[in-house]
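Let me begin by presenting the structure, written as structure tokens, before commenting on it.
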Amino acid sequence: MFQIKTRKKPLLILYLTLLLSILMSLIIDDGINRSLYILCISTLSVFFICYCCNKITSPASLLIISSFVFLGCRPFLSLFTSFDYRNADWFITGYLDENVIYTNYAVSFMYFGYSVALILSNNNSAHRECYNINKIKPNIIFLSILFLFGSLGQILKGFYFYSFIESNSYVGIYQDKVNLPMGYNFLSYLFYCSFFLICAFYDKFRVNKSFLLISILIAAFSAMKGSRGEFVTFLLTVFCIYYNERKVSNISLLLKMFLIFIAVFIISEFVSMWRSGGSFIALIEGDNPLVQFIYGMGVSYITLYQSVKISLISGMFEFHYLISQLLITISSVLGVQVYLPGISYSHLASKTANPQLYEQGFGLGGSYLGESYLAMGLIGCFIIPFIVLFLINKLEVFTRYNKTFYFVYYSSLPSVLFIPRETLFYFFPYAVKGIIVVFLFTFYVNIKMRRFNNG
3 MFQIKTRKKP LLILYLTLLL SILMSLIIDD GINRSLYILC ISTLSVFFIC
53 YCCNKITSPA SLLIISSFVF LGCRPFLSLF TSFDYRNADW FITGYLDENV
103 IYTNYAVSFM YFGYSVALIL SNNNSAHREC YNINKIKPNI IFLSILFLFG
153 SLGQILKGFY FYSFIESNSY VGIYQDKVNL PMGYNFLSYL FYCSFFLICA
203 FYDKFRVNKS FLLISILIAA FSAMKGSRGE FVTFLLTVFC IYYNERKVSN
253 ISLLLKMFLI FIAVFIISEF VSMWRSGGSF IALIEGDNPL VQFIYGMGVS
303 YITLYQSVKI SLISGMFEFH YLISQLLITI SSVLGVQVYL PGISYSHLAS
353 KTANPQLYEQ GFGLGGSYLG ESYLAMGLIG CFIIPFIVLF LINKLEVFTR
403 YNKTFYFVYY SSLPSVLFIP RETLFYFFPY AVKGIIVVFL FTFYVNIKMR
453 RFNNG
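If you want my numbering, it's the position in the sequence shown, counting the first as 1, plus 2.
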């Protein structure tokens, strides 16, 4: 199914990276500093390899960027700034102990997994187009109506959460288990569903700046819930869709991505300050606001650190945490009550890190790398990221020749980009919804083709 080809320049970079890492292991005696320098080397290496292999707006590249922001930025930035990544500033108090050695190695192994996946994967191969599915399109007027109703639902949902947070608090959403008015969630999904259907079947809308800008503005209402992940990952997916249709050099894309980062920084900090009652002006006037923003986003490093502690205490591999999202989704559909810390790594990490805050409804968050470490140790931190990035990069080719697969792939991509901060199968519910939509569309195509053949 997949053709594997290696690339010489990235392979040379990886070879030099491994040599440097071995050299660091031999000349640096202190275990913490050794792990930190190896992490720094692997960070630079994976970005150089990514630059050589892919557009920096490709899905694989965006996952690497997401992984750096959520998991690897804190120790990396500590080498060049005054920040000390071992100071726990959320959920865990005090100074992180020597378990940071394995935490740093886990991040390094993740980068090595990504690097090998980029070198071995090649998403430039051709694939035969499926005539029936790709030649018949959903009516654009019908999709536009769905988009309109979905946009209305997204806006109403945003204002509902805004009103709740203003009258209560951000954490109250999770403490009180807020029930949205009937239809809001469906209409909100209708917005995303219609957007990706339009992009899948009508190529011109992938580069229609007005349509994309309107979609981004409507998606921004999701940030009124107080969380930024949904909007940021959608924004990155939109830029991925747009620049995949354009011939743009990576140098030009670097500048554009920097401007995107500034926009994300401003929006994210406004949301963060609003939900916590802080001052955005005070943040801007402080020292290195951009560095503080990136450093603050890297909270999943603490989640991974907690995974290392749990693994060392238990002395066992917990494979079932890799499929926690599947178990939670199935139990939710069946209406079965489950003990969440027993199946969900994010709940386990939060409960063991700070039981008091956990009981109040706060959470440390999750990370698929933390699940990988619990499942298979450091080797899992190489294998799982390798498989994830290899599949993302190889499967992208099918989006160019099969419009229904394009829809499933890109409608799931925002959730895939968030797995460094979430569970491995966080995308599963979104993929299932996309597959159901494709099934209904295929059913519609078969009926239409039958009528055409009989007519």
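In this text, a Cβ means the ideal position worked out from N, Cα and C, and glycines have one as well.
If you draw a straight line from the Cα of residue 375 to the Cα of residue 116, it comes to about 16 Å. Counting of Cβ neighbours within 10 angstroms places residue 401 among the buried residues, the total reaching 16 or more.
For residue 429, there is no enclosing alpha helix (DSSP H), since its DSSP letter is neither H nor E. The stretch 66-82 makes contact with the stretch 104-113: 3 or more CB pairs, one atom from each, lie closer than 8 Å. Assignment of residue 375 by DSSP, reduced to helix, strand and coil, places it in the helix class. Judged by beta-carbon spacing, residue 377 lies within the 8 Å limit of residue 320, meaning their Cβ atoms are closer than that value. By the Cβ-count criterion, residue 95 is exposed, with fewer than 16 other Cβ atoms from all chains shown falling within 10 Å of its own Cβ. The alpha-carbon separation between residue 89 and residue 355 amounts to approximately 15 Å. Annotation: the continuous alpha helix (DSSP H) that includes residue 112 extends over 102-122.
The bridge partners DSSP lists for residue 97 are 89.
For residue 362 and residue 12, the gap between their C-alpha atoms comes out near 48 Å.
Residue 152 and residue 192 do touch by the CB rule: their CB atoms are close to 3 Å apart, below 8 Å. Per DSSP, the unbroken alpha helix (DSSP H) holding residue 198 starts and ends at 186-203. By the Cβ criterion, the stretch 385-394 is not in contact with the stretch 211-221, since fewer than three pairs of Cβ atoms, one from each stretch, lie closer than 8 Å. Of the residues 347, 310, 324, the one whose Cα lies closest to the Cα of residue 99 is 310.
One thing to note: residue 113 has its Cβ within 8 Å of the Cβ of residue 44. The three-state secondary structure of residue 181, taken from DSSP, is coil.
With a threshold of 16 other beta carbon atoms within 10 Å, residue 168 falls short and is exposed. Distance from the CA of residue 35 to the CA of residue 92, rounded to the nearest whole angstrom, comes to 23 Å. Assignment of residue 369 by DSSP, reduced to helix, strand and coil, places it in the coil class.
Cβ-Cβ distances below 8 Å link residue 414 to 429, 432, 433, 436 in the same chain, with the five nearest sequence neighbours on each side left out; the list follows chain order.
Spanning the alpha carbons of residue 366 and residue 69 requires a straight line of approximately 17 Å. Membership of residue 51 in the alpha helix (DSSP H) is indicated by the continuous run 33-55. Taking all protein chains in view, the Cβ of residue 251 is surrounded by fewer than 16 other Cβ atoms within 10 Å, so the residue is classified as exposed. Residue 252 sits in a helix when the DSSP states are folded into three classes. Linking residue 332 to residue 291 through their CA atoms gives a straight-line distance of about 42 Å. By the 16-neighbour rule on beta-carbons within 10 angstroms, residue 202 is buried. Here residue 345 is near residue 322, since their CB atoms are less than 8 Å apart. Along the length of the stretch 202-245, whole alpha helix (DSSP H) runs at least 4 residues long occupy 211-221, reported in chain order. Under the three-state reduction of DSSP output, residue 418 falls in the helix class.
Under a 10 Å Cβ-count criterion, residue 61 is classified as buried, with 16 or more other Cβ atoms of the shown protein chains found around its own Cβ. Annotated three-state conformation of residue 336 is helix, per DSSP. Counting of Cβ neighbours within 10 angstroms places residue 147 among the exposed residues, the total staying below 16.
Inclusion of residue 307 and residue 101 in the CB contact set at 8 Å is warranted, their separation being smaller than that value. Per DSSP, the continuous alpha helix (DSSP H) segment holding residue 162 begins and ends at 142-169.
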